[in-house]
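Plus 7 on top of the position in the sequence shown (first one is 1) and you've got my numbering. Note that beta-carbon positions come from the ideal geometry of N, C-alpha and C, so glycine has one too. Here is the structure we will look at.
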Amino acid sequence: MPETLPLLEVLRGSERYLADRGVENPRLNAEHLLAHALGLKRMELYLQFDRPLAESERAPLRDLVKRRGAREPLQHVLGTAEFHGRTFLCDRRALVPRPETEQLVELALEIAKAKSSTAILDIGTGSGVIALTIALELPSANVHATDLSPDALALAAENATRHALTERITFHATDLLPPGETKFDLIIANLPYIPAGEIASLAPEVRRDPVSALDGGPDGLDLIRRLIDTAPPRLAPGGALLLETGAGQADAVNTYLTERKFRDISVRCDYQNIPRFAVGFHG
Numbered sequence: 008m009p010e011t012l013p014l015l016e017v018l019r020g021s022e023r024y025l026a027d028r029g030v031e032n033p034r035l036n037a038e039h040l041l042a043h044a045l046g047l048k049r050m051e052l053y054l055q056f057d058r059p060l061a062e063s064e065r066a067p068l069r070d071l072v073k074r075r076g077a078r079e080p081l082q083h084v085l086g087t088a089e090f091h092g093r094t095f096l097c098d099r100r101a102l103v104p105r106p107e108t109e110q111l112v113e114l115a116l117e118i119a120k121a122k123s124s125t126a127i128l129d130i131g132t133g134s135g136v137i138a139l140t141i142a143l144e145l146p147s148a149n150v151h152a153t154d155l156s157p158d159a160l161a162l163a164a165e166n167a168t169r170h171a172l173t174e175r176i177t178f179h180a181t182d183l184l185p186p187g188e189t190k191f192d193l194i195i196a197n198l199p200y201i202p203a204g205e206i207a208s209l210a211p212e213v214r215r216d217p218v219s220a221l222d223g224g225p226d227g228l229d230l231i232r233r234l235i236d237t238a239p240p241r242l243a244p245g246g247a248l249l250l251e252t253g254a255g256q257a258d259a260v261n262t263y264l265t266e267r268k269f270r271d272i273s274v275r276c277d278y279q280n281i282p283r284f285a286v287g288f289h290g
């Protein structure tokens, strides 16, 4: 093996390896992995294509590329995920944040600002990206977050420390709603919504997420329905419940919100024009 290889040759070899193993966007993945291994920003690679890489620089990259080739999610390999313009710790303890959930946060901020919401609850917080982003964007908000998974809550707490938010957010280890009688102006939830029978057919990367973060029961709506049933007593007058749903579920959620006497119900589409988000107001 040559003592050195040009960076571009190493990048192309990594791309071929990933492509042969069915990884989507193999070039982009290879760039992220190489940049991570070298401690560079991805775009800096383009200025260093002729840079010779010694074996000591290539060895760590090979380990990362093998992990990604085994279909470990890119975010797990890197140890971080980008969300709403910030970097959060990300590993197998919680769901990898999806682009659609960034839009959920944008809708939450839109509602919170319009209603001057101060008490906000994120249910099923996972890695904490929703609650922490809202706390960062709304410095006056009193933000609470719940999760049933101790591992997920530990990861969320690490992210709170990373973003200096440990004094501004309260985590609760509980199923859906936190204990007590606190009423919230806005409750947000990105709950598991994959029908149980479809989990086996998901992409290998998605199946690396905790099953508890994916499995929404026979039709995917078990937890969503249960939250709609139990949320009203914990919503302040005029408070909003904002939900992320799976493809093809928004109409059923809309109907259920209507049956449970929520008002001003609306469904919003995601960036692929798929009805994805349902919001209803209480009282």
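Are the Cβ atoms of residue i and residue j separated by less than 9 Å?
| i | j | result |
| --- | --- | --- |
| Ala126 | Leu183 | no |
| Leu35 | Arg93 | no |
| Pro33 | Leu25 | yes |
| Arg169 | Val150 | no |
| Val112 | Ile141 | yes |
| Leu114 | Gly133 | no |
| Ser124 | Leu96 | no |
| Asp229 | Ala259 | no |
| Asp222 | Pro80 | no |
| Pro211 | Arg23 | no |
| Gly224 | Pro244 | no |
Pick from the options: whose alpha carbon is nearest that of residue i?
| i | options | result |
| --- | --- | --- |
| His179 | Asp57, Ser156 and Thr94 | Ser156 |
| Gln279 | Gly253, Glu266, Phe288 and Ile272 | Gly253 |
| Arg100 | Arg58, Thr87 and Ile235 | Thr87 |
| Asp271 | Leu14, Ile118 and Phe56 | Ile118 |
| Ala159 | Asp98, Leu250 and Leu12 | Asp98 |
| Leu68 | Val17, Phe191, Pro104 and Gly29 | Val17 |
| Glu89 | Leu242, Leu15, Gly135 and Leu14 | Gly135 |
| Leu52 | Thr262, Glu31 and Leu14 | Leu14 |
| Ile231 | Leu116, Leu249 and Leu47 | Leu249 |
| Lys190 | Gly224, Pro240, Thr177 and Cys276 | Pro240 |
| Gln110 | Lys120, Lys122 and His91 | His91 |
Taking 8 Å as the line, does the beta carbon of residue i fall inside it for any heavy atom of the ligand FAD?
| i | result |
| --- | --- |
| Leu183 | Looking for the ligand FAD in the displayed structure turns up nothing, as the structure carries no ligands at all. |
Going by the DSSP bridge assignment, what does residue i pair with across the sheet?
| i | result |
| --- | --- |
| Arg93 | Phe90 |
| Asn151 | Going by the sequence as given, residue 151 is His instead of Asn. DSSP, once it has assigned bridges, lists Leu128 and Thr177 as partnering His151. |
| Pro146 | Answer is none; Pro146 lacks a bridge partner. |
| Glu251 | Phe284 |
| Val274 | Ala285 |
| Asp222 | Ile201 |
Assuming residue i contacts residue j under a Cβ cut-off of 8 Å, what Cβ separation, rounded to an integer in Å, is found between them?
| i | j | result |
| --- | --- | --- |
| Leu102 | Ala220 | 4 Å |
| Gly255 | Gly290 | 30 Å between Cβ atoms; not a contact. |
| Gly65 | Leu40 | The amino acid occupying residue 65 in the given sequence is Arg; Gly does not appear at that position. Contact flag wrong, Cβ pair sits at about 12 Å. |
| Leu172 | Leu139 | 6 Å |
| Ile235 | Asn197 | Rounded, the Cβ-Cβ distance is 14 Å, inconsistent with contact. |
Under 9 Å, Cβ to Cβ, is there at least one residue of chain B near residue i?
| i | result |
| --- | --- |
| Val213 | No chain B appears in the structure shown, which is made up of a single protein chain. |
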